[in-house]
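In my numbering, the protein residues as written are 2 to 951. Written below as structure tokens is the structure these notes are about.
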Amino acid sequence: MTPTDGTPTSQSPAPTPAPDELPTTYRAADVESALYARWQAAGTDVAHAERVTRMGGGRDPYTIVMPPPNVTAILHVGHGLNNTVQDVLIRWRRMAGDEALWLPGTDHAGIATQNVVEKQLAAEGSSRSALGREAFVARTAQFVETTGGQILQQLKSIGASADWSRTAYTLTEPMSAAVTEAFVRLFEDGLVYRGHRVIHWCPRCMTSLSDEEAEFNETQGAMYHIRYRLADDPSQSITVATTRPETLLGDVAVAVNPTDERYAAFVGRQLTLPINGVHIPVIADDYTDAAFGTGAVKITPAHDPNDFEVGKRHALSAPIIMDAEARMNGMGDDAHRVPPELRGVDRFEARERIVNMLRDQGALVKVEAHQHSVRHCYRCDTVVEPRLSDQWFVKMAPLAAPALAAVRTGRIRILPERWEAVYINWLEGIRDWNISRQLWWGHRVPVYYCDSCGAAPKASRTTITTCPDCGAPARQDEDVLDTWFSSWLWPMSTLGWPNMESSDLKAFYPGDVLVTAPEILFFWVSRMIMSGCYFMGDAPYHTVYLHGTVRDMQHRKMSKSLGNGIDPMDVVQLYGADALRWTMVAGMGLGVDVLLDPTDLEKSFAPGRNFLTKLWNIGRFLLTKVGTEPVQPLSAIATESLTIADRWILDRLDAAIGEANSALGPVRPGTGGCWTEAERTAGMRLDAYADAGRRFVWNELADWYLETVKPRLAAGGADAEVARAVLVHCFDGALRVLQPVIPFITETLWAKLPAISDGSARGTEFLTTSAWPAARPARAEGGDAFELVRNAVLGIRQIRNEYKVKPGKSVAVTLLPSAADAAPAPLLAETIGALTRATVTIRGTEGSPAAAGGASAQQVLTGGTEVVIALSELLEAESAEDTAKECARLRSELDQTQKILDGVRAKLSNESFTSRAKPEVVDGARAQERDLAQKVDALTRKIEALCGTR
RNA sequence: GGGCGAAUAGCUCAGCUGGUUAGAGCACCUGUCUUACACACAGGGGGUCGGGGGUUCGAAUCCCUCUUCGCCCACCA
């Protein structure tokens, strides 16, 4: 954690605020945990299956299953981002009237957890083998029991509104039953099989890995060229090239391309392996690329997947020359292949020694630098060793087909869209999935063997202790299943599958959105889709939302080892959960990385903290000015009594609601259950949604409406009542829109809003369970006139600033509106004046600039309205210098304006443009021409007045 | 080696099917403690939209090409 100097929010001891008195800055710590507890007590986050339409209820279901974090994990910002996105969606839909279920849980994380416990044991001078299987599993379960699930508590402190009553864990009884059911069913369907082949083996974790778990790393290695001499004529030889010379002890052949004339004479003859002297044949196989390396490949079937295939084609043996810990060791009949001095030597040590031995024997032709990809264990980063063994595999092609179709037909969309291509590409070339692991922590493979009668292995839903064929004791498979084999069932198993009568399953499957990071698209996302299609006959969700990664300022992924992480709990403590949530959501484009500076939390989370303080102060102002007396419902206020400002802000609120809705987008695909092309990429712009709320509350409500309403409230009377009603309505709407991102502060402020006088109240006790706002059915016309006020105020401020008029000084302003219908002039003038410390006179269009009298500063606003202020008002003592400067400025402005005008006129006189461009574009250009012409005119007159004609 | 994506203000990014003077946040500069907020308010500067070519009346937007980054996949020993 980075100390930040003087952060009042967290460091000053909170003085207990008098009741009804709000401190000037929002103190998250004062409200968040207590409020969360109140939500929990009220059960605001619990979903009810019977309320869902699929169960005869009245609400659409909206389901998100949480990507289960590792049970022993500690919350990091990545989790924070992931869960905040889900929480925003869930809270939005909950307010919108859906039966929203966010299903949380944790994953037993086979390898990861086992590694942690093994490390503990090592520190105690023990090991898993010393402990034995049963004790080790008990110990690990104990470890999970005491330290696990912490992360779920942490999620609560960032405001996650998951349904904790349904919290799941992959190693519980029901989840295990689901795993067994899935395995057995696939087994019965012929989609699970036992395979004897070369797989990725982690010699540190002592288990096999799937293709996805063995990650590529570009590594600078070496290519060793080694000479193998002919057995019957040592003067002749073939040179092979390899990156792993130690494997030569297991070579059974050298392969050359059948068309390679260089080696044609060698095919069929025997070579002598250096070091162990074993004789191996030269074979011809298409696998060898004559153009690569030396054009001759050593074949080591037991230690290379390709070589294994070549070996099978040529009926060659597959001697194993390394043990499970990747030490050199020959097995059984092949023991002689590893010379005594190399036995038990680690593979990398052996590599060096063998290279030296080859050099001594003159068999090492050359060593060249070679950059290549080496696979590493995704859990411990150890270099993976290809190893021949028996493993359980899932046949993937039949599962992949419906999963491909789901995306192709639009049943599922993946956002950002570009990942769809990646998904399709992977599924099209999918390979079988190795699901067995030589670990102890996980779901045991539900397959049983009989050693006495030799019956075929049986997969069983229930434990088999005696062989059904001969009655001898049966033996269960020692291996456990890949962690991801339980994860891929998660969207179903957490809802009660395989019990098809489970009300949760019926009500909430299929779900809606999966929110996760692109890294686990293959590990998890696509497999869930496959299992959903296979076991449930339908995909588990319609939208896959892949968010970016949280990175530091050098764009490095935050990681423990780099020490560049941010602890979300620190942020919560300093600025509150809302600030954390806001900063992440507002700073996050679709699929775009979030950049945060771990060395400066103050700077990183300023956007969130600043916005919260602003919102808090808007609330303070509003609540103190409006008071606690009930306000009239908006519906009770006659349209005529609404001022232009009222009409305008009500329009703006409706617009903000509309923008939030379209940013969040279509909730689910329309009829037919498939996304249309237009819908497919729409919505899920959480940053745009947050921005719509921020803009309304800050740039419209606070910056403009609040300022205009001050005098009205002070004046009291009927108009003040109108203002109060509008104010409360708008703030209420803003809080509703913002609740999903910043639930704590909005709930706190909302609770303090005055009641509605007709007793209609606001529906619920909590904002979080209140209704998502809707635009008014009918708007009151005339709010647009407020744009004149805004433009005039901006114009006056600009002029005042240019002339450096002291903020306290008031000036006389003449306004010449372009449109004759310019609404109630006196009221507008008063409003403008109040906002700019000016005495404003509004003249009709007949008023001429000359009428403003003498030399003046003028500004033409959008729409053609002119703001005129006499120079005598602006210049304390008008100096020749000032005048000259102003003249120069005006002339250059005139030039520029004229240039733009010429351009627009040229465009307008071009028939191709007027006939082909869209009508509204042409109209826009015409309006622009009018405005520009007026501006040129005004500038010309101004220059005449101030600088004299030239 | 294959595939995909990106290049717009100092930084992070918006700019929809080509059409007003290319926007936002942060950063920067100037002024202001204006009785909700200095975690604020007001004003301002800053971009030949990666280079080159093409299509078009018109290109940040479409096409080609080059350059530079990033991501995913891949059994080249």
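Built from N, CA and C at the ideal position, the CB exists for glycine as well.
In the three-state scheme derived from DSSP, where H, G and I count as helix and E and B as strand, LYS908 is classed as helix.
Scanning the region 88-135 from its first residue to its last, the whole alpha helix (DSSP H) runs of 4-plus residues come out as 111-124, 129-132. At a Cβ-Cβ threshold of 8 angstroms, ASP513 and TYR63 count as neighbours. Looking from the CA of TYR535, the closest CA among HIS304, ALA401, LEU836, ASP505 belongs to ALA401. Rounded to whole angstroms, the separation of the alpha carbons of VAL632 and ASP647 is 15 angstroms.
For THR747, the enclosing alpha helix (DSSP H) begins and ends at 744-751. By the criterion of a C-beta distance shorter than 7 angstroms, ILE638 is surrounded in its chain by VAL723, ALA726, once the five residues flanking it on both sides are discounted. If you compare the alpha carbons of LEU789, THR837, ALA364 with that of VAL861, the shortest gap goes to LEU789. In this structure, LEU192 sits near LYS396, with a CB-CB distance shorter than 8 angstroms. For ARG205, the CB contacts under 6 angstroms within the same chain, skipping 5 residues up- and downstream, are CYS381, THR383 in chain order. By the Cβ test, the region 475-489 is in contact with the region 432-445, since at least three Cβ pairs between them sit closer than 8 angstroms. Restricting attention to ALA242, VAL66, ASP361, TRP751, the CA atom closest to the CA of ALA292 is found in ALA242. Here DSSP, grouped into helix, strand and coil, assigns ASN258 to coil. For the alpha helix (DSSP H) assignment, the uninterrupted runs of no fewer than 4 residues enclosed by the region 507-549 are, from N- to C-terminal side, 527-532. Cα atoms of GLU660 and ASP46: separation of roughly 26 angstroms, rounded to the nearest angstrom. For LYS299, there is no enclosing alpha helix (DSSP H); the enclosing beta strand (DSSP E) covers residues 297-300. For the 8 angstroms CB-CB criterion, VAL298 and VAL255 form a contact. The beta strand (DSSP E) runs lying completely inside the region 173-251 and spanning 3 residues or more are 193-203, 208-210, 215-231, 238-243, given in chain order. Here LYS459 carries a strand assignment [DSSP, helix/strand/coil].
Bounds of the beta strand (DSSP E) holding PRO387 are 386-395. Looking from the CA of LEU210, the closest CA among PRO387, LEU428, ALA691 belongs to PRO387.
The DSSP-derived three-state label of ASP655 is helix.
With 16 or more neighbouring CB atoms inside 10 Å of its own CB, LYS943 falls in the buried class. When Cβ pairs closer than 8 angstroms are counted between the two stretches, the region 654-669 is seen to touch the region 731-747, the count reaching three or more. Under DSSP, PRO62 shares a beta bridge with GLU100. By the neighbour-count criterion, in which 16 or more other beta carbons inside 10 Å mark a residue as buried, ALA136 falls on the exposed side. At a cut-off of 4 residues, the continuous stretches assigned as alpha helix (DSSP H) that sit fully inside the region 461-496 are 484-488, 491-494.
By the C-beta criterion, the region 86-104 is judged to be in contact with the region 156-172, since at least 3 inter-stretch pairs fall below 8 angstroms. With 16 or more other Cβ atoms from the protein chains shown falling within 10 Å of its own Cβ, ASN435 counts as buried. Just measuring C-alpha positions, the residue of GLY251, GLU603, ILE112, LEU496 sitting nearest ASP324 is GLY251. Boundaries of the beta strand (DSSP E) around HIS371: 365-378.
Take THR240, set aside five residues on each side of it, and the residues of its chain with a beta-carbon closer than 6 angstroms to its own are HIS226, ARG228, THR295, VAL366, in chain order. With 16 or more other CB atoms across the displayed protein chains lying within 10 angstroms of its CB, ARG695 is buried.
In the displayed model, HIS77 falls within coil according to three-state DSSP, outside both helix and strand.
The C-alpha of VAL86 is placed about 52 angstroms away from the C-alpha of ALA813.
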